[in-house]
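What follows is a set of notes on a single structure, which appears directly below.
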Amino acid sequence: MPMDGQPQTVRKAVVVGGNRIPFARTGGAYTKSSNQDMLTAALDGLIARFGLQEERIGEVAAGAVLKHSRDFNLTREAVLGSALSPETPAYDLQQACATGLETVLGLANKIRLGQLDSAIAGGVDSASDAPIAVSEGLREVLLDLSRAKTLPQRLQILARLRPKDLAPDAPNTGEPRTGLSMGEHQALTTAQWNISREAQDELALNSHRNLAAAYDAGFFDDLLTPYRGLTRDSNLRPDTSPEKLASLKPVFGRNLGSEATMTAGNSTPLTDGASTVLLASEDWADGHDLPKLATVLDGEAAAVDFVHGKDGLLMAPVFAVPRLLARNGLTLDDIDYFEIHEAFAGTVLSTLAAWEDEKFGRERLGLDGAFGKVDRSKLNVNGSSLAAGHPFAATGGRIVATLAKMLHEKGNEGGRPALGLVSVCAAGGQGVVALLEAYSEGTTPGEIHD
Amino acid sequence: MTDTYARLVSHGLGRDLARKLGLPQPAELRRYRPGQPLIDGPVLVGGSGPGADGIAAALLSWGLDVRRHAVPKEKLGGIVLVLDAVEAPGDLKQPVLAAAPSLRDLAPGGRVVTVSRVPGGTPATAAARQGVGGLLRSLAKELRAGATGNGILLAEDISPTAPSALGALRFFLSGRSAFVDGQFVRVSSADGRMPDDADAPLAGKVAVVTGAARGIGAAIARTLHRDGATVVAVDVPGAGDHLAEVANGIRGTALQLDITRDDAGQRIIDHAVQRHGRLDIMVHNAGITRDKLLVNMDQSRWGSVIDVNIAAQLRINEALLASEHFRSAPRIVSVASTSGIAGNRGQTNYAASKGGVMGMVRATAPLLAEYGGSINAVAPGFIETEMTARIPFATREIARRLNSLQQGGQPEDVAEAISFLAGDSAGGISGEVLRVCGQNLVGA
Numbered sequence: 001m002p003m004d005g006q007p008q009t010v011r012k013a014v015v016v017g018g019n020r021i022p023f024a025r026t027g028g029a030y031t032k033s034s035n036q037d038m039l040t041a042a043l044d045g046l047i048a049r050f051g052l053q054e055e056r057i058g059e060v061a062a063g064a065v066l067k068h069s070r071d072f073n074l075t076r077e078a079v080l081g082s083a084l085s086p087e088t089p090a091y092d093l094q095q096a097c098a099t100g101l102e103t104v105l106g107l108a109n110k111i112r113l114g115q116l117d118s119a120i121a122g123g124v125d126s127a128s129d130a131p132i133a134v135s136e137g138l139r140e141v142l143l144d145l146s147r148a149k150t151l152p153q154r155l156q157i158l159a160r161l162r163p164k165d166l167a168p169d170a171p172n173t174g175e176p177r178t179g180l181s182m183g184e185h186q187a188l189t190t191a192q193w194n195i196s197r198e199a200q201d202e203l204a205l206n207s208h209r210n211l212a213a214a215y216d217a218g219f220f221d222d223l224l225t226p227y228r229g230l231t232r233d234s235n236l237r238p239d240t241s242p243e244k245l246a247s248l249k250p251v252f253g254r255n256l257g258s259e260a261t262m263t264a265g266n267s268t269p270l271t272d273g274a275s276t277v278l279l280a281s282e283d284w285a286d287g288h289d290l291p292k293l294a295t296v297l298d299g300e301a302a303a304v305d306f307v308h309g310k311d312g313l314l315m316a317p318v319f320a321v322p323r324l325l326a327r328n329g330l331t332l333d334d335i336d337y338f339e340i341h342e343a344f345a346g347t348v349l350s351t352l353a354a355w356e357d358e359k360f361g362r363e364r365l366g367l368d369g370a371f372g373k374v375d376r377s378k379l380n381v382n383g384s385s386l387a388a389g390h391p392f393a394a395t396g397g398r399i400v401a402t403l404a405k406m407l408h409e410k411g412n413e414g415g416r417p418a419l420g421l422v423s424v425c426a427a428g429g430q431g432v433v434a435l436l437e438a439y440s441e442g443t444t445p446g447e448i449h450d
Numbered sequence: 001m002t003d004t005y006a007r008l009v010s011h012g013l014g015r016d017l018a019r020k021l022g023l024p025q026p027a028e029l030r031r032y033r034p035g036q037p038l039i040d041g042p043v044l045v046g047g048s049g050p051g052a053d054g055i056a057a058a059l060l061s062w063g064l065d066v067r068r069h070a071v072p073k074e075k076l077g078g079i080v081l082v083l084d085a086v087e088a089p090g091d092l093k094q095p096v097l098a099a100a101p102s103l104r105d106l107a108p109g110g111r112v113v114t115v116s117r118v119p120g121g122t123p124a125t126a127a128a129r130q131g132v133g134g135l136l137r138s139l140a141k142e143l144r145a146g147a148t149g150n151g152i153l154l155a156e157d158i159s160p161t162a163p164s165a166l167g168a169l170r171f172f173l174s175g176r177s178a179f180v181d182g183q184f185v186r187v188s189s190a191d192g193r194m195p196d197d198a199d200a201p202l203a204g205k206v207a208v209v210t211g212a213a214r215g216i217g218a219a220i221a222r223t224l225h226r227d228g229a230t231v232v233a234v235d236v237p238g239a240g241d242h243l244a245e246v247a248n249g250i251r252g253t254a255l256q257l258d259i260t261r262d263d264a265g266q267r268i269i270d271h272a273v274q275r276h277g278r279l280d281i282m283v284h285n286a287g288i289t290r291d292k293l294l295v296n297m298d299q300s301r302w303g304s305v306i307d308v309n310i311a312a313q314l315r316i317n318e319a320l321l322a323s324e325h326f327r328s329a330p331r332i333v334s335v336a337s338t339s340g341i342a343g344n345r346g347q348t349n350y351a352a353s354k355g356g357v358m359g360m361v362r363a364t365a366p367l368l369a370e371y372g373g374s375i376n377a378v379a380p381g382f383i384e385t386e387m388t389a390r391i392p393f394a395t396r397e398i399a400r401r402l403n404s405l406q407q408g409g410q411p412e413d414v415a416e417a418i419s420f421l422a423g424d425s426a427g428g429i430s431g432e433v434l435r436v437c438g439q440n441l442v443g444a
């Protein structure tokens with residue numbers, strides 16, 4: 001019988017592999033590409049890599065954060081435009097920047113429960129091709145107009161229009177309940193945890209160096225398919241230096257009273273891109289002669305009350321990870337690779353600082369002391385969002401596929417399958433985290449069989 | 001990539017004008033489509049003796065309409081001249097001149113195939129046999145309307161009905177050899193077997209094609225798939241988007257790989273075996289050009305061409321030869337180039353690499369023999385690709401016309417030759433270079 005609080009795993013959900021297109025800075029190579037174009041391209045690359053042409057996949061789930069209203073069936077439309085069987089069902093999901101990771105967890109759970117044998121998780125976002133809405137005033141007039149029956153009625157409604165109503169309503173990344181942008185929110189957190197400019201720049205530098213080294217080593221040869229002339233992430237600056245990063249002017253937190261430390265160099269830029277991850281049961285992967293890189297063990301979501309300032313907007317993973325590890329009987333020391341999404345360098349560093357803080361551990365996490373220390377040599381070792389860029393919903397898929405390959409390469413070093421932790425913060429004070437393990441035959445800790 | 005001139009002179013006013021002015025009139029070539037008959041019209045088998053009888057019987061068994069004597073005014077699909085028993089130059093006269101009037105009756109896209117032996121034996125026999133070479137190559141230049149002439153050379157103890165002799169005969173008679181003209185294929189062993197299904201000769205086989213993202217490589221991948229093979233399409237990661245399109249179009253898998261990596265061979269083997277259970281055919285097509293006169297050549301231009309075009313093939317072959325997964329009648333086919341035979345100004349590096357391919361093929365053949373394997377090269381002449389489309393107009397126009405068929409070949413023509421050499425029926429052909437050049441007039 002399963003123990004209380006233990007995940008009840010009926011069978012394993014494995015990561016077979018992934019594919020993404022290179023991420024492009026907004027206004028760059030993918031300016032003319034829609035979310036559907038990019039998601040279809042990412043799917044077709046995955047299909048080609050794993051020979052899935054005409055294959056009926058159990059389910060495809062993906063999503064976008066910035067989404068046109070016409071894209072109400074974005075993922076299904078992408079499937080229909082891809083080389084997959086048109087009999088493959090699909091659904092859209094949206095959980096801000098955690099969209100991609102949540103699609104992985106949701107589909108993995110369906111596989112574990114036997115509802116699916118195969119699935120493709122993914123995400124896409126275009127800040128270049130972002131939807132622009134008409135103003136509320138114009139929208140109301142247009143809707144009323146469509147309901148009007150007589151000419152005088154129509155004229156009366158049109159007379160309500162004011163010049164300001166004609167200005168479009170562009171999307172912004174501000175939080176609806178605070179009016180602050182994500183960067184300004186993070187600036188508050190960065191200042192609260194006393195994260196220095198140098199530490200943030202160093203993290204950004206490592207991200208670029210690690211990502212560039214991974215490209216040079218051919219690490220992404222089977223994780224990425226070029227698109228529209230781009231073969232690497234266009235935000236990557238392999239030759240950036242501490243001096244260059246130090247020369248940038250702060251862009252967030254300039255009115256906080258303390259030193260502003262967040263620059264364009266240690267914050268992720270707006271980016272376009274798409275990613276996909278192929279998930280499967282062991283039998284399905286075996287039956288299709290496909291690799292099994294990693295097992296999706298568990299996931300956890302958390303949210304914080306950032307509206308009243310209790311916690312920083314992007315600090316939810318700080319709470320999700322301790323819960324996830326405790327449930328699996330693990331500590332930070334058991335983790336071989338940490339993939340902490342770099343929304344801002346300050347986000348990662350504030351997260352690490354909170355975990356290392358005795359008081360925070362006792363008072364907020366309910367522990368005996370500090371949660372623990374992350375070995376920095378295990379953190380984002382092949383680069384992360386600061387270098388690659390962050391097309392919101394596509395980041396989860398990028399991380400899961402990258403981590404699965406790293407875990408597979410590490411394998412059973414040290415007598416047990418390598419463990420990886422994914423942490424993604426999201427708008428609305430949310431966070432989703434996940435635990436992956438290098439695939440190995442047989443059972444895994446915490447797994448219960450009937 | 002379209003040959004505007006050829007279209008212009010193929011019908012109507014343009015055709016009449018070209019005829020009056022004596023301009024070249026390239027014919028539309030007869031190319032293979034699945035399901036079509038091997039050849040249209042009867043085939044005349046010239047020559048006498050057991051060899052000729054055996055070949056006539058084989059043609060009959062393929063359902064062809066066979067003639068042993070010309071029927072005046074009857075259109076012929078092909079003429080097979082069986083000269084395997086000639087012992088002196090004088091022996092050529094009777095069979096050759098008996099068949100000669102029938103050349104008038106050869107249908108457009110017709111085929112002439114000689115079957116003779118590799119020069120050797122007494123001086124008189126060697127002279128007779130070598131004479132067939134000059135005869136066939138000259139005849140090929142006399143043929144018109146897309147007709148071609150090619151020859152099969154049998155090693156001393158090989159029967160004219162050996163599997164690969166018949167395999168080559170089928171290839172030459174069919175539309176698969178459309179742009180092969182004036183060439184000889186040497187059959188050196190009795191290995192090989194005819195496929196169960198002539199329209200799916202590669203059924204059940206797993207083939208790897210490098211440089212498959214575009215051009216000739218993409219055509220090879222598609223042709224091998226059409227012929228029944230499961231294809232692993234390989235190209236550099238930077239070409240991955242085109243590669244994915246090719247792979248998705250043929251239900252194959254895409255392997256993004258820089259073939260100059262030290263572990264490229266192992267990665268190819270691992271992918272083929274893990275995903276598809278086996279590896280039967282390796283097609284080395286990936287190649288680059290970095291043209292420069294030798295006097296201006298730099299390290300990087302020379303080095304990269306040698307590395308991609310030949311050094312990588314050698315390394316991959318080494319891994320294949322060492323692998324237990326490449327032991328069941330394996331096939332290697334490399335893409336060489338007529339530049340590697342005749343030379344080409346500005347291409348010392350490229351020609352060195354392609355000459356290298358031919359040397360490698362010859363020396364590797366004995367190493368594969370013990371597994372019933374074979375290795376051959378195909379040397380394309382002027383092929384209509386994105387690459388040749390960039391050649392300046394006048395140079396391109398000349399290059400196109402300077403062959404017996406007066407036109408450039410299509411990527412598919414190269415692919416057909418590769419598919420033939422990759423098949424079971426070519427098991428007795430190894431260490432050879434087959435030119436797909438329309439009988440290029442330069443460097444023959």
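Order-wise, the sequence lines are chains A and L. Using the working numbering, you'd call the opening residue of the first sequence number 1 and step up by one each time. Using the working numbering, you'd call the opening residue of the second sequence number 1 and step up by one each time. Idealized CB from N, CA, C, for every residue including glycine.
Asked	Found
How big is the Cα-Cα spacing for I445(L) and Q439(L)?	Past the edges of chain L, shown from 1 to 444, lies residue 445(L), and the structure says nothing about it.
Are the CB atoms of A64(A) and G28(A) within a distance shorter than 8 angstroms?	no
If you check the beta carbons only, do T210(L) and I269(L) fall under 8 angstroms apart?	no
Could you tell me whether the region 35 to 51 of chain A touches the region 147 to 162 of chain A, using the rule of 3 or more Cβ pairs below 8 angstroms?	no
Quick check: is the beta carbon of A434(A) nearer than 8 angstroms to any beta carbon in chain L?	no
Give me the residue from S102(L), P163(L), L13(L) and Q25(L) with the minimum Cα distance to G46(L).	S102(L)
My understanding is that V335(L) touches N285(L), with C-beta atoms under 8 angstroms, so please give their C-beta distance in whole angstroms.	5 angstroms
Thinking C-alpha only, which one of S241(A), A62(A), E87(A) and W355(A) is nearest Q95(A)?	A62(A)
Assuming N508(L) and L434(L) form a contact by the criterion Cβ under 8 angstroms, report the distance between their Cβ atoms to the nearest whole angstrom.	With chain L covering only 1 through 444, there is no way to say anything about residue 508(L).
Does the beta carbon of G397(A) sit closer than 8 angstroms to a beta carbon anywhere in chain L?	no
If you compare alpha carbons, which of A57(L), E142(L), T395(L) and I158(L) is closest to A85(L)?	I158(L)
Run through DSSP, which three-state label would G81(A) get?	coil
Can you list, in chain order, the residues of its chain whose CB lies under 7 angstroms from that of V231(L), leaving out five sequence neighbours each side?	A207, V209, A221, L224, H225, I250 and G252
Is there a Cβ from chain A that is less than 8 angstroms from the Cβ of D258(L)?	yes
With distances taken between CB atoms, is the gap from L38(L) to L76(L) smaller than 8 angstroms?	no
Run down chain A in chain order and give the residues with a C-beta less than 8 angstroms from the C-beta of T253(L).	A48, R49, F50 and G51
Go ahead and pull the three-state DSSP assignment for I450(L).	Here chain L comprises residues numbered 1 to 444, so residue 450(L) is not present and cannot be evaluated.
Any residues in the region 28 to 46 of chain A with a beta carbon nearer than 8 angstroms to a beta carbon of chain L? Which ones, in chain order?	A41, D44 and G45
From the DSSP secondary-structure annotation, give me the bridge partner or partners of I375(L).	I332(L)
V425(A) bridges to which residues according to DSSP?	In the sequence as displayed, the identity of residue 425(A) is Cys instead of Val. According to DSSP, C425(A) bridges with G431(A).
Using a threshold of 8 angstroms, state whether the C-beta atoms of C425(A) and A343(A) are closer than that.	yes
On the three-pair Cβ rule with 8 angstroms, is the region 3 to 20 of chain L touching the region 357 to 367 of chain A?	no
Which residues in the same chain have their Cβ closer than 7 angstroms to the Cβ of G51(L), if we skip the five residues on either side of it in sequence?	V82, D84, A85, V115 and P160
Candidates L202(L), R290(L), V66(L) and H276(L): which alpha carbon is nearest D289(A)'s?	H276(L)
When the cut-off is 8 angstroms and only beta carbons count, does Y439(A) lie next to chain L?	no
So which residues of chain A does G211(L) contact, with C-beta pairs closer than 9 angstroms?	In chain order: nothing, as chain A lies at least about 16 angstroms away.
Excluding the five sequence neighbours on either side, which residues of its own chain have a C-beta within less than 7 angstroms of the C-beta of A107(L), listed in chain order?	D40, G41, K75, L76 and G77
Using C-beta distances below 7 angstroms, list every residue in its chain close to F219(A), excluding the 5 sequence neighbours before and after it, in chain order.	N382
Give me, in chain order, the residues of the same chain whose beta-carbon lies closer than 6 angstroms to that of L367(A); leave out the 5 immediate sequence neighbours on both sides.	G361
Going by DSSP, name the residue or residues bridged to L379(A).	F338(A)
Could you pull out every residue in the same chain whose Cβ sits closer than 7 angstroms to the Cβ of R154(A), ignoring the five residues on either side in sequence?	L145 and A148
Note down, in chain order, each residue of its chain lying with its Cβ closer than 6 angstroms to the Cβ of I310(L), except the 5 sequence neighbours on either side.	S353, G356 and V357
Got a sec? Which residues, its chain only, sit under 8 angstroms from V141(A) by beta carbon, not counting five neighbours each side?	I157, L158, R160, L161 and D165
Do you know offhand how far D286(A)'s Cα is from A200(L)'s?	28 angstroms
Hey, which unbroken runs of the beta strand (DSSP E) at 3 residues or more fall wholly within the region 301 to 350 of chain L?	331 to 335
For a quick check, are the C-beta atoms of E87(L) and A128(L) less than 8 angstroms apart?	yes
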